[in-house]
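Numbering (the working numbering), first residue to last: 745 to 881. The beta carbon of each residue, even a glycine, is placed where N, CA and C say it ideally should be. All remarks here apply to the structure that follows.
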């Protein structure tokens, strides 16, 4: 359910940026709207103090692979090969620009994950001996 909500938010953000209320869902994966698509991702994944929400940005990147495959399969199924090729071109464009769009978010998430695994400071030797004494009882 949250995936559909996120896709709808991308569409609404693209509508806001382009100032076109008739922009439909299929225009999210339209190659001609790729710059607006990038701007919508940037605006959705930034806060008021211009810091980046890395988790949301990465989630958008992984989420987009599903509707691209669904749309491509749908267009092939209804024998609209030209639209299937257009979706494939959008996927290629997203793959080529994916590092540029999502690399900072990936680094931010990896740094946060590694800092959570590291100990801030080691426990005191006195506390360890006390703990070992309690464990041996």
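If you follow the alpha helix (DSSP H) that residue 785 is in, where does it begin and where does it stop? 778-788
Min CB distance residue 825 to chain C below 7 angstroms: The chain labelled as chain C is not found in the depicted structure, where only one protein chain is given.
CA-CA distance, residue 857 and residue 779? 31 angstroms
Please tell me whether residue 804 and residue 822 are closer than 7 angstroms, where the distance is taken between their beta carbons. no
Should residue 773 and residue 800 be called a contact, given that it needs their Cβ atoms to be closer than 7 angstroms? no
In whole angstroms, give me the CA-to-CA distance for residue 824 and residue 792. 43 angstroms
Can the beta-carbon of residue 797 be found less than 7 angstroms from the beta-carbon of residue 789? yes
Expressed to the nearest angstrom, what Euclidean distance is found between the alpha-carbon atoms of residue 759 and residue 767? 6 angstroms
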